[in-house]
Amino acid sequence: MNTRVYLTLRTAPAMPVEAESLLPENVVGKSAEEIESLPLQVGNRAETVGDHFRVEILESPSGGQGGGGTAALELSGDLTRFKRLGEGMSSGTLTVNGTVGFHAGAHMSGGTLTINGDAGDYLGAMMTGGRITVHGNAGHFAGSAYRGFFRGMSGGSILVLGNAGNLTGARMRRGMIAVRGTCGDLAGYAMGAGTVLIGGRAGVRAGANMVRGTVILLTPPEEMPPTFRYDYTGLPPFWPLMHASLSEAGWTAPEAEARAEFKRYSGDFNEGGRGELLMLSGAA
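So that you can map any letter, position 169 of the sequence shown is 165 in the working numbering, and since no number is skipped, the others follow by simple counting.
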């Protein structure tokens, strides 16, 4: 069976909620009563999903062989105080209609997380797979490593259709982060691989201390990092395909941008100069 579960928030809680139990794989095959009994930690109190949400379940035949099925979980309401939504998610789809708190999609390994609102800090932190789309703004440290760790996201993709904060993609090792709006300071800091794309104005020192990887700027920074060196101007072979994929995902950009040339800079030469910073030609 294919399961669609709808959770509607009754009232916004006064205390922060640890909500890592709200995953598609945790609701598939369960009754409404079983879903209502899933645990939530609210401040220092152990509570349940049923204490905060109205639960509705729709099921349809999967049309395939065998059991298991798939799950789609949809949450609606002001979820600003709900932390860790989608943390560790490995399959299915999770849709949030509203603003979410810290750590949404952290440690994801698969599945699709869609946030129709804003997201807090550490969106997709240290994720290894899956896809996150935010139809709003994201906080600081999207796709980054947690403090004390040296590997940020190592797979999957994060698309932010609004703005993002500082240290987006810090220490990332693989995957893609695309921010349609502006981005804070130190995007792609110390990255070892992967791609960070910023459509609006980036803060200071994008790509600082990067070892490898690609930072793409569609709007010129206030100043180029002094530890990067200009190489040449041309059309990156991956760019038309990447642009088409982003457009399908909701990225709005002129079609001519798909054929635009970029200025390529090597850096960071403090770390050997094996990374690259691509800046849209003619933007400066």
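Beta carbons are placed, not taken as given, at the ideal position from N, Cα and C, and that holds for glycine.
This one's a predicted model, so the numbers in the text were calculated from it and none came from an experiment.
Just how far apart, CA to CA, sit P236 and S243? If you take the alpha carbons of P236 and S243, they lie about 11 Å apart.
In terms of alpha-carbon separation, which member of G269, S153 and E21 lies closest to A67? Checked all of G269, S153 and E21; the closest Cα to A67 is E21.
Whole angstroms is fine: what's the gap from R143's alpha carbon to M149's? Each residue's Cα considered, the two are about 13 Å apart.
Give the single residue among P217, D264, G263 and V175 whose Cα lies nearest to the Cα of H239. Comparing Cα-Cα distances from H239 to each of P217, D264, G263 and V175, the minimum goes to V175.
Nonlocal neighbours in the same chain, by C-beta distance under 6 Å from G60, ignoring five residues either side: Per-residue confidence for G60 stands at a pLDDT of 44, beneath the threshold of 50, marking its modelled position as unreliable; no derived number is given.
Between the Cα of A28 and those of P222, I128, H136 and F49, spot the shortest distance and give me the residue it belongs to. Residue F49 is the option with its Cα nearest to A28.
Is DSSP giving P20 helix, strand or coil here? It is helical.
Does the region 94 to 113 come close enough to the region 34 to 44 to have 3 or more Cβ pairs within less than 8 Å? Contact between the region 94 to 113 and the region 34 to 44 is not established, with fewer than three Cβ pairs separated by less than 8 Å.
Do you know offhand how far E52's Cα is from L193's? Each residue's alpha carbon lies about 38 Å from the other.
For A102 and L3, the rounded distance between their alpha carbons: Taking the straight line from one Cα to the other gives about 21 Å.
Is it right to say Y226 is buried, meaning 16 or more other beta carbons lie within 10 angstroms of its own, or is it exposed? It is exposed - the Cβ of Y226 has fewer than 16 other Cβ atoms within 10 Å.
T164 and H335 - do their beta-carbons sit closer together than 9 Å? With the chain running from -3 to 280 in the structure shown, residue 335 is simply not present.
Strand pairing of F258, partner residues [DSSP]: Answer by DSSP bridge pairing, in chain order: G230 and L276.
Closest to G88 by C-alpha separation, out of G126, E218 and M172, would be which residue? For G88, the closest alpha carbon among the candidates G126, E218 and M172 is that of G126.
Contact belief for A100 with A141 at Cβ below 8 Å, rounded distance in angstroms: About 16 Å separates the two Cβ atoms, so there is no contact after all.
Identified DSSP bridge partners for T(-1): In the DSSP output, where bridge partners are listed per residue, T(-1) has E55 and A67.
Hey, how far is the Cα of G73 from the Cα of K259? In this structure, the CA atom of G73 is about 44 Å from the CA atom of K259.
For the region 169 to 246, which segments carrying the alpha helix (DSSP H) assignment without a break, of at least 4 residues, lie completely within its bounds, in sequence order? Assignment of alpha helix (DSSP H) within the region 169 to 246, counting only whole runs of 4 or more residues, yields 235 to 244 in chain order.
So who's on the other strand from P35, going by DSSP bridges? P35 is bridged to T44.
G62 in three-state terms, based on DSSP: Model confidence at G62 stands at a pLDDT of 42, short of 50, so the residue's coordinates are unreliable; what they give is reported in the following sentence. The three-state reading of DSSP puts G62 in coil, since its state is none of H, G, I, E or B.
Grab the span of the beta strand (DSSP E) containing S87 for me, first residue to last. First-last for S87: undefined, no H or E at that position.
Do you know how far the Cα of G196 is from the Cα of T178? In a straight line, the C-alpha of T178 is about 4 Å away from that of G196.
What are the partner residues of K26, as DSSP defines its beta bridges? Looking at the DSSP assignment, K26 forms no beta bridge with any residue, so it has no partner.
Since D181 and F224 should fall inside the 8 Å C-beta cutoff, what is the C-beta to C-beta distance between them, to a whole number of angstroms? That pair is no contact at about 16 Å.
For G63, which residues in the same chain have their Cβ closer than 6 Å to its Cβ, ignoring the five residues on either side in sequence? In this predicted model, G63 has a pLDDT of only 46, less than 50, meaning its place in the structure is not dependable enough to derive any value.
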